[in-house]
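What follows is a set of notes on a single structure, which appears directly below.
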Amino acid sequence: MSRLLFEEPLVKNSHYMKNFRLEKAVYLAVGFPFLAMALLCLGYSLYGLSVAMFALFIMMIVYWRWTIRRDRQYLAIYEDKIRYKKAFPSKEVELSLTPSQYKIRLHSPLPKSGYTVTFLFIDQQDNILFQYKAVSLFPSLYKAPKHDWETALYAIGCEVDDPEEIIVNRHA
C-alpha cells in the first residue's frame, strides 16, 4: 500500500461543506420563483417574458447540477500514483507516476467560478498530463500562518511552480 502524500477530500473540509449546502439551497430557492414567473407570464400570454424566465430557471438548475457534480470530485497523490475525479467528466482516473516524473504548476482561475486553485500536472517534457480545479483549498491570507494543504503540497517531493504567487506567504 502506497503512502498518501496529498489530498483534497471535500467531505473533510467543514467550511467548504457548509458553503456547498448553502449554494445548493440558493440555486433552488432562486430557480423555482423563475419557474413560477414563467408559468404566470405564460398564463397572461407574455410569451417573450415567459421564455426569458424559463431560460433563467434552466440556468439555475444547470448551476445546481454543476454544484452537485462538483461535490464528488477529489484529488489524492500517493508515492507511486495519482488518483483524481473531476466534476466533468465524473470518472475516476489513476495515473502511475512518482513525484520525480511530474511537476505541479498553480494557477488562479479567472474569472472566479467556484474554484480556488487550478493544479496543472506537467511531465518532464513540459506536456500537460491533466488539470485539476480545487474547490476547497483556499490560499492563506497575507502574513497569516500557512494552511496545511500549502505545506503538504511542497512536501510531495515534486517541483511546485507558482508563477502567480498564489501560496507565497511572506512573513516580515
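According to the working numbering, the sequence shown is numbered sequentially starting from 183.
Don't be surprised by glycine CBs; every beta carbon is placed ideally from N, CA and C.
Keeping to the same chain, check which residues put their C-beta closer than 6 Å to that of Y245; ignore five residues upstream and five downstream.
Excluding the 5 residues flanking it on each side, Y245 has same chain C-beta neighbours closer than 6 Å at Y209, in chain order.
Can you list, in chain order, the residues of its chain whose CB lies under 7 Å from that of R185, leaving out five sequence neighbours each side?
Within the same chain, R185 has close Cβ partners Y260 and E261.
How close, in whole Å, do the beta carbons of L311 and L277 come, if the pair is a contact with beta carbons under 8 Å?
Going by Cβ atoms, the distance from L311 to L277 rounds to 7 Å, so yes, they are a contact pair.
Distance, A211 Cα to S322 Cα
32 Å
Restricting to runs no shorter than 4 residues, where is the alpha helix (DSSP H) found entirely within the segment 311–340?
Residue ranges of uninterrupted alpha helix (DSSP H) with 4 or more members, entirely inside the segment 311–340 and ordered along the chain, are 330–336.
How long is the line joining the alpha carbons of L204 and R251, rounded to whole angstroms?
15 Å
Go to Y226, then tell me how far its alpha helix (DSSP H) extends in each direction, as first and last residue.
Looking at the DSSP string, Y226 is not in any alpha helix (DSSP H), and its letter there is neither H nor E.
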